[in-house]
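S.K.: Residue numbers (the working numbering), protein chains in the order written: chain H, 12 to 125; chain V, 869 to 976.
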Amino acid sequence: QVQLQQSGAELVRPGVSVKISCKGSGYTFTDYAMHWVKQSHAKSLEWIGVISTYYGDASYNQKFKGKATMTVDKSSSTAYMELARLTSEDSAIYYCASPSFAYWGQGTLVTVSA
Amino acid sequence: QAVVTQESALTTSPGETVTLTCRSSTGAVTTSNYANWVQEKPDHLFTGLIGGTNNRAPGVPARFSGSLIGDKAALTITGAQTEDEAIYFCALWYSNWVFGGGTKLTVL
Chain H
12 QVQLQQSGAE
22 LVRPGVSVKI
32 SCKGSGYTFT
42 DYAMHWVKQS
52 HAKSLEWIGV
62 ISTYYGDASY
72 NQKFKGKATM
82 TVDKSSSTAY
92 MELARLTSED
102 SAIYYCASPS
112 FAYWGQGTLV
122 TVSA
Chain V
869 QAVVTQESAL
879 TTSPGETVTL
889 TCRSSTGAVT
899 TSNYANWVQE
909 KPDHLFTGLI
919 GGTNNRAPGV
929 PARFSGSLIG
939 DKAALTITGA
949 QTEDEAIYFC
959 ALWYSNWVFG
969 GGTKLTVL
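Here it is as structure tokens:
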């Protein structure tokens with residue numbers, strides 16, 4: 012069965028970056044693009060962007076350009092998202108989802124605090 | 869950016885039919901918005917239900933169906949079960965995906 016396993020919770024200081032991962036299993040990883048979604052109390056769900064797991068090219072929500080960078084490692088069936096220059100506004104749960112929004116990872120809580 | 873609006877909360881009884889809707893601030897929702905519906909259960913467990921307006925995701929029970937009703941996207945649960953109590957989000961495509969605020973469905 013399709014599973015998306017995300018990395019664990021992160022507690023990070025303002026100004027640094029964090030990289031979270033999402034490992035796909037139970038399907039051919041490169042058959043479907045990977046989406047990333049942010050969940051926060053203030054904004055409910057926000058689509059960050061999508062990356063082709065085959066070609067590695069990404070498309071971003073304009074709001075997250077410069078903030079999020081999505082990459083993939085086909086050899087390990089893992090997608091990554093790096094969030095840069097973190098502020099308290101970035102504290103949220105981040106999810107990967109594929110294909111389209113059929114299957115979701117369990118979420119990665121990112122807390123930005125000094 | 870477009871704003872997507874859903875009912876904040878609905879209540880239904882087991883066995884009843886309930887319809888959740890998804891409205892776009894830019895006008896009528898069409899098949900070009902590829903409406904998706906996802907379910908969130910406690911502990912942030914998300915499951916995709918419907919993609920492309922009316923295509924059920926693999927393994928989703930047949931009681932869940934998607935459609936366009938009037939100028940909105942709709943998710944209909946025919947014969948609601950107690951386990952369908954959850955928050956339901958729609959997402960519409962505008963060259964970005966935009967999610968609605970979610971509908972908290974109570975089944976009792």
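Don't be surprised by glycine CBs; every beta carbon is placed ideally from N, CA and C.
Would L890 of chain V and A948 of chain V be called neighbours here (beta carbons separated by less than 7 angstroms)?
M.R.: In the sequence as presented, Leu is not what sits at residue 890 of chain V; that position holds Cys. No. Outside cutoff.
S.K.: Which residues does DSSP pair with D952 of chain V in a beta bridge?
M.R.: In DSSP, D952 of chain V forms no bridge with anything.
S.K.: Closer than 8 angstroms by beta-carbon distance: list the chain H residues that pair up with N904 of chain V, in chain order.
M.R.: S111, F112, listed in chain order.
S.K.: For Q17 of chain H, is the classification buried or exposed, using 16 other Cβ atoms within 10 angstroms of its Cβ as the cut-off for buried?
M.R.: Classification of Q17 of chain H: buried, given that the 10 Å Cβ count is 16 or more.
S.K.: Of all the options V:T921, V:T915, V:D911, V:K909, which has the alpha carbon lying nearest to the alpha carbon of A903 of chain V?
M.R.: That would be V:T921, whose Cα lies nearest to the Cα of A903 of chain V.
S.K.: Which of the three DSSP states, helix, strand or coil, is assigned to E93 of chain H?
M.R.: DSSP places E93 of chain H in strand when its eight states are reduced to three.
S.K.: Can you round the beta-carbon distance between L943 of chain V and V897 of chain V to whole angstroms, since I take them to be within the 8 angstroms contact cut?
M.R.: That pair is no contact at about 12 angstroms.
S.K.: Got a sec: is the Cβ-Cβ distance from G883 of chain V to anything in chain H below 7 angstroms?
M.R.: Chain H contact via Cβ: absent.
S.K.: Closest by CA to K34 of chain H, which one among H:T98, H:M92, H:K49?
M.R.: When only C-alpha atoms are compared, the closest one is H:M92.
S.K.: Less than 7 angstroms between the beta carbons of Q869 of chain V and G969 of chain V, yes or no?
M.R.: No, the Cβ-Cβ distance between Q869 of chain V and G969 of chain V is not below 7 angstroms.
S.K.: Measure the alpha-carbon distance for L976 of chain V versus I945 of chain V and round it to whole angstroms.
M.R.: Distance between the alpha carbons of L976 of chain V and I945 of chain V: 14 angstroms.
S.K.: So what's K78 of chain H in DSSP terms, helix, strand or just coil?
M.R.: Correct three-state label for K78 of chain H: coil.
S.K.: Counting contacts by CB-CB distance shorter than 7 angstroms, is A925 of chain V in contact with chain H?
M.R.: True, the Cβ-Cβ gap to chain H drops below 7 angstroms.
S.K.: Would you check if the distance between the CB atom of S51 of chain H and the CB atom of A103 of chain H is smaller than 7 angstroms?
M.R.: Result yes, Cβ atoms of S51 of chain H and A103 of chain H sit closer than 7 angstroms.
S.K.: Looking only at DSSP bridge pairs, what is K54 of chain H linked to?
M.R.: K54 of chain H is not bridged to any residue.
S.K.: When burial is assigned at 16 or more other CB atoms within 10 Å of the CB, is V871 of chain V buried or exposed?
M.R.: Under this definition V871 of chain V is an exposed residue.
S.K.: By DSSP, does T944 of chain V sit in helix, in strand, or in coil?
M.R.: Correct three-state label for T944 of chain V: strand.
S.K.: Determine the contact status of V906 of chain V and G916 of chain V, defining contact as a CB-CB distance below 7 angstroms.
M.R.: Yes, Cβ-Cβ distance for V906 of chain V and G916 of chain V is below 7 angstroms.
S.K.: Is S55 of chain H close to chain A, meaning its C-beta is less than 7 angstroms from at least one C-beta of that chain?
M.R.: The chain inventory of the structure shown lacks chain A, comprising the protein chains H and V.
S.K.: Evaluate S111 of chain H with the Cβ neighbour count: other Cβ atoms within 10 Å of its Cβ, from every protein chain shown; 16 or more gives buried, anything less gives exposed.
M.R.: Under this definition S111 of chain H is a buried residue.
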